[in-house]
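See structure below.
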Amino acid sequence: MARYLSFLQCHLTEGKLKSFKINNSVFVTLWQWVRMATKTHLSDGEVDQYSVTEEENLAVWLLAIKTLRIQPFNLPSLGPYDVKIRIKAVGICGSDIHHFKNMRVANFVVKKPMVLGHECAGIVEQVGSQVKFLMIGDRVALEPGISCRQCQLCKDGRYNLCRNMKFFGSPPTNGALANQVVHPADLCFKLPDNVSLEEGAMCEPLSVGVHACRRANVGPDTKLIIIGAGPIGLVTMLAARAFGSPKIVIVDVDDIRLSFAKDLGADEIIKVSSIMQDVEEEVVRIRNAMGGPVDLSFDCVGFNKTMTTALQATRAGGKVCLVGLGKSEMTLPLTSAAAREVDVIGIFRYRNTWPLCIELLRTGEIDVKPLITHRYNFTQEGVDEAFETSSCGGNAIKVMFNL
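Residues in the sequence shown are numbered consecutively from 1, following the UniProt record's numbering.
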């Protein structure tokens, strides 16, 4: 027995793993056995990177309005087509803040404690028996929505509209602001060497902008405005530029965000008010800044005033793309828009966007790194500060956790 244990210890060291032909499950069993049988040979504090003893998986739980706690999070069992991911980067989204402040986003209501977070990337730690295209150690970006794959919308390729979607951090589905998650392998996309894990996490908000530009058919002849210079407005601007738009005007109420948009590449910026009565005058300013007709308006806010501005600023025969979702009912000048044949396009999340987003990041056509303005560690203090920073607006664009 002693000789066998010695043999296993010798061959299960880091430098010899590749030459020791053994499948993962057997390796796990043997390595646990060896560590228990030879525990006295491990010095205090020695790091054992191949240890597979069960660690406590922790996550950020939303318990009540503005009440977050890091607590244990039990993972589901690994299915044959799943992977277990060590999460390394998670961004805070506007929907996370709505849940944090109000325990709801539109009709999505938090009724019991829930783990937040859906903008995420990490490292593969375990693969299911039928997973052939990912390996342990691969760095991946995660698409956070799991559709039913059976309804007509899923079969038509519009799986983002699946009524049975399970989406990270959208009640009742737990999110990814955790040490580890289990996720379908085909929703985990391998990152190129020159794309960081933080950039991988940014694929999620970038996907919203890419999907919006696809839906609106943005191209080299599309002169457009973007209302709202928050994270979604800014990634929509980056996507529109990558799709070839020659003129982009950004509209917002905040000087800091407008300045940020200008530095990021906006051709013109316009500060507006939040007062509905100012719409007519602001539409004139928008058209003047464009230097001609507005072909397309992206509303990335979703307020009554912003939708009204978008509808009135867009030329006859143009398009309005509603990216930001606001109240369920609003009063809007649709008759005027209909008489000018302005097409109104709805946007809900995204579909089939991760490969393109990763390619745009790989080639450098889009750089999302400047959007990450604040970083926090995965501690209770870090969590509290991060959500406070993200909630207060100001100069925070994207707040990122490094785990």
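Built from N, CA and C at the ideal position, the CB exists for glycine as well. Predicted model, so just to flag it, every value in this text is computed and none were measured.
Contacts around residue i, its chain only, beta-carbon distance under 8 Å, and the 5 residues preceding and following it disregarded
i: S391; result: I97, F100, K101
i: E385; result: Y376
i: K21; result: Caution applies to K21, whose pLDDT of 33 falls short of 50 and renders its modelled position unreliable; the value that the coordinates give is listed next. Within the same chain, K21 has no close Cβ partners at all.
i: V131; result: P80, Y81, D82, V83, A185
i: residue 404; result: Outside the displayed span of the chain (1 to 403) sits residue 404, for which this structure offers no information.
i: I286; result: I225, V249, V251, I270, V294, T309, A313
i: C154; result: S147, C148, C162
i: N57; result: P72, F73, N74, L75, A178, N179, Q180
i: E55; result: N179
i: V253; result: K271, V272, S273, S274
Whether residue i touches residue j by CB criterion (8 Å)
i: E281; j: P205; result: no
i: residue 404; j: V342; result: In the structure displayed, the chain extends from 1 to 403; residue 404 sits before or after that span and is not available.
i: L258; j: I250; result: yes
i: G244; j: G219; result: yes
i: L177; j: V272; result: no
i: G91; j: V399; result: yes
i: T306; j: G228; result: yes
i: L403; j: M202; result: no
Candidates the options: closest to residue i by CA position
i: E125; options: M114, K132, V131, D138; result: D138
i: Q122; options: I136, K112, G128, E268; result: The question names Gln, but residue 122 is Gly in the sequence shown. Ranking I136, K112, G128, E268 by Cα distance to G122 puts I136 first.
i: R104; options: V344, N352, I65, I397; result: I65
i: L142; options: L332, F133, L153, L197; result: L197
i: V127; options: R86, S95, A229; result: R86
i: F303; options: V294, G292, I275, G291; result: I275
i: P246; options: I232, D263, G291, M202; result: G291
i: V323; options: D295, G233, P72, I286; result: G233
i: N288; options: T373, G94, D267; result: D267
i: S336; options: I366, R214, G318, V60; result: G318
i: N107; options: V383, A339, G326; result: G326
i: F260; options: L58, C93, V368, N402; result: V368
i: F401; options: C93, E329, Q71; result: C93
i: V344; options: I366, S129, N217; result: N217
Residue burial classification, residue i (beta-carbon count within 10 angstroms, cutoff 16)
i: R149; result: exposed
i: V284; result: exposed
i: P171; result: buried
i: L334; result: exposed
i: I248; result: buried
i: N179; result: buried
i: residue 430; result: As displayed, the chain neither begins before 1 nor continues past 403, which places residue 430 out of reach and without an answer.
i: S147; result: buried
i: D193; result: exposed
i: K88; result: buried
i: K223; result: buried
i: D255; result: exposed
i: M165; result: buried
i: G364; result: exposed
i: A316; result: exposed
i: D263; result: exposed
i: A339; result: exposed
i: F73; result: buried
i: M330; result: exposed
i: D221; result: exposed
Spatial neighbours of residue i in its chain, beta-carbon cut-off 7 Å, leaving aside the 5 residues before and after
i: F167; result: H118, P144, G145, T173
i: V182; result: L75, P76, L78, D82, K84
i: R241; result: I248, G265
i: L356; result: V210
i: L62; result: L68, H99, F100, V110, P113, M114, L116
i: A396; result: T373, H374, T389, S390
i: V195; result: I358, L361, R362
i: V279; result: K305, T308, T309, Q312
Same chain, Cβ closer than 6 Å to residue i, five either side skipped, listed in chain order
i: P297; result: Position check: residue 297 holds Ser in this sequence, whereas Pro was assumed. Contacts found: I225, A310, A313, T314, V320.
i: H211; result: Y350, T353
i: F387; result: F100
i: G169; result: L116, G117, H118, G175
i: N23; result: Because the pLDDT of N23 is 37, which lies under 50, any placement of that residue in the model is unreliable, and the question is left without a value.
i: S95; result: V105
i: V235; result: P205, L206, G209
i: V383; result: V60, L68
i: K39; result: For K39, the predicted structure reports a pLDDT of 33, less than 50, and the residue's modelled location is therefore unreliable. A value from the coordinates is still provided. For K39, where only same-chain residues beyond five positions count, there are no Cβ hits under 6 Å.
i: C213; result: A239, A240, F243
Residue i at chain E interface by Cβ criterion, 8 Å
i: P220; result: Going by chain labels, chain E is absent from the structure shown, which holds only one protein chain.
Proximity test, residue i beta-carbon vs the ligand NAP heavy atom, cut-off 7 Å
i: C321; result: Inclusion of the ligand NAP in the displayed structure is not the case, the ligand content being empty and no account of it being possible.
Check your understanding: Quick one: any contact between the stretch 342-352 and the stretch 152-170, if contact means 3 or more CB pairs under 8 Å?
Key -> Yes: the two stretches touch, three or more of their Cβ pairs being nearer than 8 Å.
Point to revise | Touching by the beta-carbon criterion (3+ pairs, under 8 Å), the stretch 373-381 and the stretch 185-194 | key: The answer is no - the stretch 185-194 does not touch the stretch 373-381, with fewer than three Cβ pairs under 8 Å.
**Study point:** At least 3 beta-carbon pairs within less than 8 Å: the stretch 354-363 vs the stretch 195-215
**Key:** Proximity of the stretch 354-363 to the stretch 195-215 meets the contact definition, three or more beta-carbon pairs being nearer than 8 Å.
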